[in-house]
């Protein structure tokens, strides 16, 4: 009797931390759920809250061991104020939380999940990204030293979040929050390693991350979604927008569009007008891609009308495509040309490529990240390489080694080949690791989402009232 | 006959300025309204427009007498440019108008009122706050001198607006606009006096206002709402969200979340890396509270699903809780710990504390400000006091007296006790004055709102069309 | 036979670029459309995509010929970094894309078009504005030289976009996208000429563009809409808001309201505290206009309730009215007074003037730009002139010629008359050119919009689902 009570109490406690809805929520699917724990709900899914708390405690330990706040005693050392990075950091912040978050609200019954899961995934990425990128940059050091915390480090955290959120776009509506937590955990580690490889080992210039953020994030996400498979026809019923969800998505589009120059220029040096070039080239390119996406949308959409999918996404391709070359020796006209081309190419992707890939290789790409990040990211990497091959050193003057650290001992041609190699590295590492992580996420450890593109398995959704 | 005409004309004029809807709007409740003026509509309610104009003229007079714009002739004096405060001022502005404004749009039929009344209350607070805070800081001077207007003064106006809008959250949907105008008028005066007492007399450090803004505003608002009472069951029918109002509220949440570092750091000095610490500790703490709020929401909400109320509110608790200690000697790990704790505590508050208080002491707290501002504000004050007691002076170096002005003549322990006293002062003065003002607002001078949580007594609401 | 095939293929290609929906979209109006091309669809309308591409290629050529990016080789010359303009540039950017874009989403079935067309029109204006303003400022030079691209130049592009978007507000819902492209093309040219005339030839001070942006844009747009005529009764059925479109519009209103100080101060010099005055006077004035608009709305709206049209628009009038005088010798009290007056006047305009003008001179002004930009713009110009006449030179000290370049050789009175002349120039040139362009847009070259205030002729609109 006593044992029975203890057992009942233990059950209750376990219930309160192991919270897979199919067992606990009486309103949902409860008829067919057996009373024995664990038979139908995979282990990992029971433990969303535990996963999250474990993740946070791990971050906490790393922060306790590795990071220190600046104080006057550091004034003796080479510590300088990084406050001038703050305004651009805030712009990047807005892109990550409002930009990506609202861009993904376009689904008719998944707006709550989109903006909320984007929020928590970004928050986890921010912390874990700061840790992983900092650790990766200490590879090869004799011992891992304490890092003085500063604003550029936080920008690196947001950049890591960007890569994860790009991948999130591919699997939007098709994963459980627990799967997202673990995807974030693994993706950030690989992101940091690739970023270290490309920026520190290959000494490649990639100011706004065409390669290390967009190409990597897109190929990773596409590989994951290939592993997860294509939802069947009647699961796709909610994979469309409605009027106001399309308007909400425009909030995301516009904030991404406006602050993209800050994203590309945030960590660029100010010497030799580099940062100004990064800003101004990005403005011109992303403006051009907006115009060409509208023109292409009108021509190509099957109704011969503007399609909000293109307005929301293809308009941004010019920002992605300037990610590598924005601070290099690129002229205003070249920036506009690149923007015009990728705006059209991205629209073509949405109209023709994505549907075909879904049929042919069973790749379901909810937000079309291939067209917004994958293809423009590769184009951006190529544009950067072409500029590296072709630009005269005179253009950069004294700022040459600030732009390309390795040009002290490399020729322009060598640097160009390294730039090309970085595209291959980012796409390849992204794709291979994405297949692996996708395999893990598909394993019986995790429950596969049944209600596709719908909030209400994971979110309490208020009843609609038309009164 | 002539007298009759004059009287009719006078009536007409009076009607046009005394505009309580129950008498003038034929579509609303007009059947039972007697034709004699003033019998049923309280005096103050007739005069919303008059109240507002009187308020503005009062502000105008103070500005005419007390404030001057900087010009080259002041360059001789100690006047320095305050333009470097501008970017953070704009971030705080966004928090006040978009952040608070949209956070409160979550009610299904009160979104218009929420964002619009937030707008006008903030605007009144901004002006009256600038005046009252400036006047309060001249207490004890021989004569009130002309103040040279600058950007930090305007930030103080926005901080005052923050306190009033926190209180507004408690009474959201249950007051008339006229009551709000008068609540703003009185609350700002008391806010300014408490702020003067805490910051100038007690010389307490409270960079982001855990105590003077959040604790004060929350206890004031809760006291007012206790006086106004709990709406009866059938008045509560609209005290819920709907799908898109929950998404609108996320705009508010995310802008508050993103710009909170600017709020806490806006008026912090730059010496000794204080401002950077304020920014970075706030980022870490508010990120941690987002993660822990999601975990707690999943575990505690009655459906075992994420609850948007928690996502919208508890995620922000880490920013409030860093309001006092953000620029002090606090490590990254400590900031994260504080964030994790208040994120969970705030969610517990929404799930268990608020419903119980509504039953037990008849306190109706529409936005749950106790959980978002009251409790985390007190925790923030305590955290600040603990750091003050425990941190070594070596940490601050030369910036010690910039952080704590009174440490020139006080020991760390004395300063710690003053920090604790400031919590008591803010909460106590807030609660007592809130009870008084609540009593005034409940008086027959003001009409008590009948249609709870609904726009359409005060706002022209367009018909819905489902075509 | 071969010829027939070639002809069919040519038809197909032509169809894919000449995309007037009435011919191509089977779902729309296709029954009565003849199969012969060109009979019913005007030439220009067939070529939306072509117009846009032509526009972009023209911009591309100008950028290739005229603009150069800064690089270290320019460091020898007088090139200075313009990065300090960047934060305000971003604020202006937000006003143009989010502010104007969402302000115009208020129509119940035109939100998608409003925010999307605002987007593309702004993007075209940005590029064409940079070109035209730069070219205009080289009038009188011996040869058009290459311009070094910088951030103030980009702010000028956004200012030009502001003027066009003001005009767009008057014709919202009543033009085709093709008409908008061509309106943008012509309006920017005239804008640049008037701006050159006022600022460079007359040497008038107009920091925030009360005259060159708001007055010009408003009179241009009103003249165009007079030419286009008033939609008949049953076309006006969708010229109203719905609940959530009103809330979306508040996003626009609030971002405009918050960042208006940046708009007025973006290009103001920092010497003599000019820029700080511009910021602070604008904050005070726009705060006052918000308060007075609420008071006036309550008194004047026909239901005696707040009207969201006033809340969304009249609250901003104080920012427009500070456009000329914000950096001049104006006291805080004067700024508030101007704001109070225009807030009331703008509400009067919405209640009484706009409906009368629609009846009397058949001027259909969808967004009420007369009340938000036209009237307050003129008031702003007058306020600037009055301050110029009356302020003592002592106020400005050494910064006098930085504020008024022509005061080196002009008296204060002369300068005042020039300021008045600039109002006449901006309004007059705007109105006359607007009539001309309106005449062109009404010509048979362009199709006149049939479905007024509705997205679905030009946008693919998702089906609503109430499930």
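Protein chains in written order, with full-length UniProt numbering: chain R, 1 to 467; chain H, 1 to 467; chain F, 1 to 467.
Ideal Cβ positions, reconstructed from N, Cα and C, are used throughout, including at glycine.
Under 7 Å by beta carbon: chain R residues contacting residue i
{"i": "residue 554 of chain H", "result": "Nothing about residue 554 of chain H can be reported from this structure: the residues present for chain H run from 1 to 467 only."}
Nearest candidate by alpha-carbon position, reference residue i, set the options
{"i": "residue 67 of chain H", "options": "H:135, H:142, H:80 and H:147", "result": "H:147"}
{"i": "residue 169 of chain F", "options": "F:153, F:126 and F:99", "result": "F:99"}
{"i": "residue 452 of chain R", "options": "R:119, R:306, R:230 and R:220", "result": "R:230"}
{"i": "residue 308 of chain H", "options": "H:252, H:201 and H:113", "result": "H:252"}
{"i": "residue 373 of chain H", "options": "H:441, H:399, H:221 and H:454", "result": "H:221"}
{"i": "residue 472 of chain R", "options": "R:261, R:172 and R:113", "result": "This structure cannot speak to residue 472 of chain R, because chain R is shown only from 1 to 467."}
{"i": "residue 63 of chain F", "options": "R:335, R:243, R:201 and R:426", "result": "R:335"}
{"i": "residue 52 of chain F", "options": "F:183, F:139, F:439 and F:320", "result": "F:183"}
{"i": "residue 257 of chain F", "options": "H:151, H:116 and H:166", "result": "H:116"}
{"i": "residue 157 of chain H", "options": "H:360, H:189, H:377 and H:367", "result": "H:189"}
{"i": "residue 113 of chain F", "options": "F:331, F:384 and F:174", "result": "F:174"}
{"i": "residue 122 of chain F", "options": "F:142, F:145, F:95 and F:135", "result": "F:95"}
{"i": "residue 181 of chain F", "options": "F:120, F:240 and F:144", "result": "F:120"}
{"i": "residue 325 of chain R", "options": "R:441, R:406, R:203 and R:210", "result": "R:210"}
{"i": "residue 154 of chain F", "options": "F:388, F:166 and F:129", "result": "F:129"}
{"i": "residue 331 of chain F", "options": "F:384, F:304 and F:172", "result": "F:384"}
{"i": "residue 379 of chain R", "options": "R:56, R:341 and R:463", "result": "R:341"}
{"i": "residue 272 of chain F", "options": "F:394, F:377 and F:356", "result": "F:394"}
Cβ neighbour criterion (16 or more within 10 Å) applied to residue i
{"i": "residue 352 of chain F", "result": "exposed"}
{"i": "residue 365 of chain R", "result": "buried"}
{"i": "residue 232 of chain H", "result": "exposed"}
{"i": "residue 449 of chain R", "result": "buried"}
{"i": "residue 424 of chain F", "result": "exposed"}
{"i": "residue 362 of chain R", "result": "exposed"}
{"i": "residue 152 of chain H", "result": "exposed"}
{"i": "residue 434 of chain H", "result": "buried"}
{"i": "residue 124 of chain R", "result": "buried"}
{"i": "residue 356 of chain R", "result": "exposed"}
Where residue i meets chain H, residues with beta-carbon distance less than 7 Å
{"i": "residue 126 of chain R", "result": "287"}
{"i": "residue 340 of chain F", "result": "56"}
Beta-carbon neighbours of residue i, restricted to chain F and to distances below 7 Å
{"i": "residue 292 of chain R", "result": "56"}
{"i": "residue 262 of chain H", "result": "Those do not exist, as residue 262 of chain H stays about 12 Å from chain F at its closest Cβ, beyond 7 Å."}
{"i": "residue 49 of chain H", "result": "295, 298 and 299"}
{"i": "residue 452 of chain R", "result": "What residue 452 of chain R touches in chain F: nothing, since even the nearest Cβ is about 15 Å away."}
Listed by chain order, chain F residues near residue i by CB distance under 9 Å
{"i": "residue 276 of chain R", "result": "69, 70, 81, 82, 83, 86, 149, 150 and 151"}
{"i": "residue 397 of chain R", "result": "71, 72, 73 and 75"}
Any non-hydrogen atom of the ligand NAP within 6 Å of residue i CB
{"i": "residue 366 of chain H", "result": "Ligands displayed in this structure: none; no statement on the ligand NAP is therefore possible."}
Cβ separation of residue i and residue j, assumed to be a contact under 8 Å, to the nearest whole Å
{"i": "residue 59 of chain H", "j": "residue 127 of chain H", "result": "4 Å"}
{"i": "residue 106 of chain H", "j": "residue 249 of chain H", "result": "4 Å"}
{"i": "residue 270 of chain R", "j": "residue 108 of chain R", "result": "Wrong, their Cβ atoms sit about 45 Å apart, outside the cutoff."}
Residues that residue i contacts on chain R, provided the C-beta gap is smaller than 9 Å
{"i": "residue 258 of chain F", "result": "Simply none; closest approach about 14 Å."}
{"i": "residue 254 of chain H", "result": "94, 97, 98, 101, 102, 115 and 119"}
Cross-chain neighbours of residue i in chain H, by beta carbon under 8 Å
{"i": "residue 184 of chain R", "result": "Residues of chain H passing the Cβ test: none, with the nearest at roughly 11 Å."}
Examine the Cβ distances between the region 268 to 282 of chain R and the region 212 to 228 of chain R and report whether three or more of them are shorter than 8 Å. no
Given 8 Å as the limit, is there contact between the region 348 to 364 of chain F and the region 309 to 325 of chain F, that is, 3 or more CB pairs closer than that? yes
Counting beta carbon pairs with one atom in the region 424 to 435 of chain H and one in the region 193 to 200 of chain H, are three or more of them shorter than 8 Å? yes
Spell out a yes or no on whether the region 399 to 413 of chain R and the region 291 to 304 of chain R are touching, meaning 3 or more CB-CB pairs, one atom from each, closer than 8 Å. no
Three or more beta-carbon pairs under 8 Å between the region 211 to 221 of chain R and the region 154 to 168 of chain R, yes or no? yes
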